[in-house]
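Participant: In the working numbering, the protein residues as written are 333 to 512. Built from N, CA and C at the ideal position, the CB exists for glycine as well. Right, I'll just put the structure down here and ask away after.
Here is the structure:
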């Protein structure tokens, strides 16, 4: 098998190895967050139906720190705060984080300006605010990244914002009906 592959340990203890595209194709379809035309029954684009909910460890960016090589400034990277446990929910309209300490954050999908996944985390950048990173101890970062991307696409279509063509370093779209 060439390229990257993902191994999964099944409940019976056996291990399956498949290319990531094959695992993604085997995922169940996302629940439709909205009715025809990308609107929920009340006429809101995207709807508030739950797509997914899981436990997370959230980290909020505290600021940037410089990256240097031999005294030469190469750029900056986000400095993330401590891991904070909670529950993340994705609906057709927003991401909502309920931290175990009672703090709640809600990010409407149309206010996200970037979505990025790594091997173990998903990062979002709410417009005008610091990055938030999520690790999923009981789920898959890849599944969450795919789900958020799908919800963003549906939301953008429902709001008439066109099609998303890339998610990072920032979300970029093209007007509806425009090809290429």
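Taking the beta carbon of residue 408 as the centre, do at least 16 other beta carbons fall within 10 Å, making it buried, or is it exposed?
Facilitator: Classification for residue 408: exposed.
Participant: Where does residue 456 sit, in a helix, a strand or coil, going by DSSP?
Facilitator: Residue 456: strand per DSSP, three-state reduction.
Participant: What does a CB cutoff of less than 8 Å around residue 348 pick up in its chain, not counting 5 residues either side in sequence?
Facilitator: 339, 340, 342, listed in sequence order.
Participant: Would you say residue 446 and residue 502 are within 7 Å of each other, going by their C-beta atoms?
Facilitator: Yes, they are a contact pair.
Participant: If you reduce the DSSP assignment to three classes, tell me which class residue 490 lands in.
Facilitator: Helix at residue 490.
Participant: Below 6 Å CB to CB, which residues in the same chain sit around residue 457 once its five sequence neighbours on both sides are set aside?
Facilitator: Closer than 6 Å at Cβ, skipping near neighbours: 445, 446, 463.
Participant: Please report the distance separating the alpha-carbon of residue 432 from that of residue 416.
Facilitator: Going by the C-alpha atoms only, they are around 8 Å apart.
Participant: What did DSSP end up calling residue 381 once you bin it into helix, strand or coil?
Facilitator: Note: residue 381 maps to coil in three-state DSSP.
Participant: Which partner residues of residue 420 appear in the DSSP bridge assignment?
Facilitator: DSSP output for residue 420 lists 386, 429 as bridge partner(s).
Participant: Per the DSSP calculation, residue 505 is bridged to which residue(s)?
Facilitator: Beta-bridge pairing links residue 505 to 496.
Participant: CB residue 385 to CB residue 421, shorter than 7 Å?
Facilitator: Yes, they are a contact pair.
Participant: Out of 461, 459, 452, 482, state which residue places its alpha-carbon closest to the alpha-carbon of residue 468.
Facilitator: Considering only alpha carbons, the answer is 452.
Participant: Specify the secondary structure class of residue 438 as computed by DSSP and reduced to three states.
Facilitator: Residue 438: strand per DSSP, three-state reduction.
Participant: In terms of residues, what are the limits of the beta strand (DSSP E) holding residue 407?
Facilitator: That run of the beta strand (DSSP E) goes 404-412.
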